[in-house]
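Sequential numbering from 612 applies to the sequence shown in this note's numbering.
Shown next, in structure tokens, is the structure this report addresses.
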Amino acid sequence: MYYTLPQNDHGLPHDPFKAIVAPRPIGWISSISADGVANLAPYSFFNAVSSTPHIVMFSSAGWKDSVANISATGEFVCNYVGENLAEPMNATSVPAPSDVDEFDFAAIASAPSRQVAPPRVADAWAALECRLCEITAAKAADGSTTDNWLVFGEVVGVYIDDRAIRDGRFEVDIARPVARLGYLDFAGIDGRFELKRPDWPRPK
Ligand SMILES: Cc1cc2nc3c(=O)[nH]c(=O)nc-3n(C[C@H](O)[C@H](O)[C@H](O)COP(=O)(O)O)c2cc1C
612 MYYTLPQNDH GLPHDPFKAI VAPRPIGWIS SISADGVANL APYSFFNAVS STPHIVMFSS
672 AGWKDSVANI SATGEFVCNY VGENLAEPMN ATSVPAPSDV DEFDFAAIAS APSRQVAPPR
732 VADAWAALEC RLCEITAAKA ADGSTTDNWL VFGEVVGVYI DDRAIRDGRF EVDIARPVAR
792 LGYLDFAGID GRFELKRPDW PRPK
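Below, the structure written as structure tokens:
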């Protein structure tokens with residue numbers, strides 16, 4: 612098959628784009644609002660884009676709470692999603708209002724960061740403390756601005772749980788990263804699994 616954009620006339624039940632650009636790492640972004648409310652949400656349009664200096668980027672479809680917070684405070688943390696945290700990570704993708712702290716909502720323990728104000732996820736195997744470089748809207752090929760916000764951050768501190776270091780390496784067999792595939796699919800290092808999107812408000 613072959614199809615063209617922006618018509619997106621693939622004729623399939625779901626757009627295969629994100630299933631093709633996969634697996635993607637997940638940036639589990641913690642931030643704090645100007646009012647001091649913590650926020651935690653997963654972003655799989657996420658990657659490292661430079662190592663000198665260390666710069667990461669995530670993309671938000673619309674001006675979501677994470678972007679608003681980082682725009683206001685200039686700081687965020689990318690928490691590592693291992694298999695130990697797949698379910699809690701997914702739970703923090705709820706479309707909760709900005710005054711909801713997803714650490715509380717999903718009963719996720721936090722720990723203080725060292726160089727930035729947003730806390731990290733206590734049980735994450737690693738966390739990247741970041742200072743905002745730039746927030747910019749993604750542009751289409753014709754130069755028009757889209758409502759997709761690219762957030763670039765320079766890594767200023769790296770937390771690693773010492774138990775994840777073996778023979779001097781951040782050990783993948785211990786940290787067991789989770790990556791995003793298409794649809795509701797995720798990948799662990801041993802294969803694929805599915806996570807349903809969480810309901811909001813939480814079912815009684
Ligand atoms: C694994 C996963 C990856 C996600 N990746 C993105 C993404 O790259 N961009 C985006 O806008 N939303 C993404 N979402 C949805 C956001 O997590 C969701 O909209 C969340 O409520 C945003 O929270 P915030 O408003 O507190 O920033 C993803 C959800 C999941 C479960």
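Here a beta-carbon is modelled for each residue, glycine too, at the ideal position from N, C-alpha and C.
Bridge pairing for Thr756: Lys750 [DSSP].
Counting every other CB atom within 10 Å of its CB across the protein chains shown gives Arg731 a total of 16 or more, marking it as buried. Distances from the CA of His665 to each of Pro788, Arg635, Glu765 and Ser642 were compared; the closest alpha carbon is that of Glu765. The C-alpha of Pro636 is placed about 22 Å away from the C-alpha of Ala720. Taking all protein chains in view, the Cβ of Tyr654 is crowded by 16 or more other Cβ atoms within 10 Å, so the residue is classified as buried. About 5 Å separates the beta carbon of Cys741 from that of Phe687, a gap short enough to meet the 8 Å contact definition.
Exposure of Pro706 is indicated by the presence of fewer than 16 other C-beta atoms within 10 angstroms of its C-beta. In the DSSP assignment, Cys689 is bridged to Ile640 and Leu739. Within the same chain, and ignoring the five residues on either side of Ile776 in sequence, the residues whose Cβ sits closer than 8 Å to its Cβ are Glu782. Of the residues Pro617, Leu623, Val632 and Ala702, the one whose Cα lies closest to the Cα of Pro814 is Ala702.
Here Leu651 is near Asn690, since their CB atoms are less than 9 Å apart. The DSSP-derived three-state label of Pro699 is helix.
Using a Cβ distance threshold of 9 Å, Ile640 and Ala649 do not count as a contacting pair. Beta-bridge partners of Pro653 (DSSP): Trp639. A residue is called buried when at least 16 other Cβ atoms come within 10 angstroms of its Cβ; Glu713 meets this threshold and is buried.
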